[in-house]
Structures are given as structure tokens and as C-alpha cells.
Amino acid sequence: MLVEERYAIILKLVEERGKVTVPELMELLCTSKETIRRDLLFLNKQNKIKKVHGGAMKIESSLYEAKYSDRARVNLKSKERIGKLAAGYIKDFDVIEIDVGTTALEVAKHIKGVQEIKVITYSIPALQVLIQKKEKGDFTGEIIFIGGSVDCQRLMTSGPSLMEQLKPLSFDKAFIGVSGLSDNGPMTYNINEGYVQKMLVNNSNEVFAIMDSTKVQKRSLFNFCDFSKIHYLITDDCDMPDTIKKSLKENNIKWIK
-10 MLVEERYAII LKLVEERGKV TVPELMELLC TSKETIRRDL LFLNKQNKIK KVHGGAMKIE
50 SSLYEAKYSD RARVNLKSKE RIGKLAAGYI KDFDVIEIDV GTTALEVAKH IKGVQEIKVI
110 TYSIPALQVL IQKKEKGDFT GEIIFIGGSV DCQRLMTSGP SLMEQLKPLS FDKAFIGVSG
170 LSDNGPMTYN INEGYVQKML VNNSNEVFAI MDSTKVQKRS LFNFCDFSKI HYLITDDCDM
230 PDTIKKSLKE NNIKWIK
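The sequence shown begins at -10 in the numbering used here and counts up by one.
Structural data, given as C-alpha cells:
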């Protein structure tokens, strides 16, 4: 098979599925791991795809966010692992905040074995999961849902009412999803959500930024805080640029992966 034919097949699969893995491409194209990696590196340099650990992703516009249901399917295994790692930091009697987004949802799904916690969220999917887990006995304590105008695309509440309710609250830990991580710090697509996240960061004793490898060196619309405000960065196994590694070290951020 000609190299141009491989490129065309890879691009078609990435467009259709959103993500492909190296083993999938090896089997489909009947070629070696080294060849597939070279192909992905070339297409990545051409800005046709985004190379990630173990495969490649479709490049999305940095100013546009896909629908919640579409995002939920992307890199799901990595998000599950990140959620499990993050939930492991939740202790008895903690007051925690769980942000909106598909990675933050995995934190809610993995809460287990903790007593008398308070969980605050403005994420509708997270609320549903938390109710189910509390009924199962995975944790005891209180669930506090912060209301406001309902954003049906992002499955969250928003608006002035949300901000007013969050303003006086204080958290032991905030688990905040990141849409993009640049040299300037974590970013989000949505300005309104960005202001909420900014408040959450300022109101929390410990800030956990959570994201999968597709968000690395991806600029988004709103920079909601700088690196000095983050205490933990929890990711999958990703290639972090040296500039960001330097910022993590300078700000004593614990990078968990």
C-alpha cells in the first residue's frame, strides 16, 4: 500500500471516529508499529490530526466545544483512570466541588468508601451520578446542587444566580476540568464557565486540575487561572512540553499520571 493511501485511510478513520489507536491501524493497514508512528508524526506535523499517547485524535477548533455526548465518548478509558486517581484524594469529612465536564464526571463516578462528605456541583450529569452512588452507600454525607439557568448543551446551570450561590462557599478540594492547557495555564471554552471556575479556584484550599492528553498545548478561549493557583494536575500518560513542565516545577504542582 502506498504511503498516500495509508494517510487517506487514517484521516478518514479519525474524522469518523474522533480517535484511533496504533494497534487498530496496525491491524487495518497490515503494517508495523514503527510505520504507523511515522505516519502519525507526519500527519501531526501537517496539522491534519493531533497525535496523542497510543494513537491520534481529530483536531477540533480551539474556540468551539463539541456536544457533551460527543465529548463523553472521546478518550473514555483515560478519563475513567483520571477520575479514579482524583477520587482517591477525597477523604472523610471533606467539602469538595466537582466541576462540569466529562472528565470531572468520572471523579463523581469513582467516589467510594468515604464518610460524611459534602459534595457541591452545578453539573447535571454529576448530580445524577452522585444521587445513585449515595443511594448505593458508596459514600455518606450531603449533596448540594447549585441552581441557575439550565444550559441544555453543556448540561449545567449558569448565570448570576449560580455565581451568587457559589460566592460565599469554601471548599477543601475542587476538581476542575480543563479544556486546554497552554504555557499560560488552564483554559476553558466558555466565558461564563470560566468565571465560575475562577471563583471555584479562589474559594478552594486545594485545586485539582484534571484533563486527558488531548488538552495538552491546546489553547482555548478563557484562561481562568495561572499555574500558581493549582496544587495538583492529574492526567493520563501524556507528552508534556518542557515549558509546561517548568511551570509545574516552579509552582510546586504535583503532576499525577
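Glycine is no exception: its CB is placed at the ideal position from the N, C-alpha and C atoms.
Query raised in the report: When the Cα atoms are used, what is the spatial distance from S159 to N192?
Result: 5 Å
Requested in this report: Report, in whole angstroms, the separation of the C-beta atoms of V96 and I199, which I expect to be a contact under 8 Å.
Outcome: Approximately 7 Å separates the beta-carbon atoms of V96 and I199; this is inside 8 Å, confirming the contact.
Report task. Using the DSSP secondary-structure output, state which residues sit across from T232 in a beta bridge. Result -> DSSP links T232 through a beta bridge to no other residue.
Query raised in the report: Distance, Cα to Cα, V103 vs K80?
Result: So the two alpha carbons sit approximately 6 Å from each other.
Query raised in the report: For I71, which of helix, strand or coil comes out of DSSP?
Result: helix
Query raised in the report: In angstroms, rounded to a whole number, what distance separates the CA positions of N194 and L2?
Result: The straight-line gap from Cα to Cα measures roughly 43 Å.
Report task. Please confirm if R26 has its CB atom under 8 Å from at least one CB of chain C. Result -> Among the protein chains of the structure shown there is no chain C, as only one such chain exists.
Requested in this report: Decide if the stretch 104 to 124 is in contact with the stretch 198 to 212; the criterion is three or more beta carbon pairs, one per stretch, under 8 Å apart.
Outcome: no
Query raised in the report: Which residues mark the beginning and the end of the alpha helix (DSSP H) in which S171 is found?
Result: Element bounds for S171: not the alpha helix (DSSP H) but the beta strand (DSSP E), G169 to S171.
**Report entry** Selection from N36, L29 and K34 that minimises the alpha carbon distance to G44
**Finding:** L29
**Report entry** Nearest-angstrom Cα separation, counted from L189 out to I(-1)
**Finding:** Taking the straight line joining both Cα atoms gives about 40 Å.
Query raised in the report: Looking only at C-alpha atoms, which of L74, S138 and G7 sits nearest to L94?
Result: L74
**Report entry** CA-to-CA distance, K123 to I100, given in whole angstroms
**Finding:** 9 Å
Report task. Please say whether G166 and T224 have beta carbons closer to each other than 8 Å? Result -> No. Outside cutoff.
Query raised in the report: Start and end of the beta strand (DSSP E) containing M176?
Result: G174 to T177
**Report entry** Assigned secondary structure, L158 (DSSP; H/G/I helix, E/B strand, else coil)
**Finding:** coil
**Report entry** I(-1) in three-state terms, based on DSSP
**Finding:** helix
Requested in this report: Quick one: residues in its chain with C-beta nearer than 6 Å to the C-beta of V89, no 5 flanking neighbours on either side, listed in chain order?
Outcome: S112 and M145
Query raised in the report: Do you know offhand how far E16's Cα is from E153's?
Result: 54 Å
**Report entry** Proximity below 8 Å, CB of K207 to CB of L237
**Finding:** no
**Report entry** Presumed contact (8 Å Cβ cut-off) between Y78 and K22, rounded CB distance
**Finding:** So it is not a contact: roughly 35 Å between Cβ atoms.
Query - Residue environment, E(-7), which counts as buried when at least 16 other CB atoms sit within 10 Å - result: exposed
Query raised in the report: Under a three-way DSSP split, which group does S209 fall into?
Result: coil
Query - Residues near R70 by beta carbon distance below 7 Å, same chain, minus five either side - result: D225
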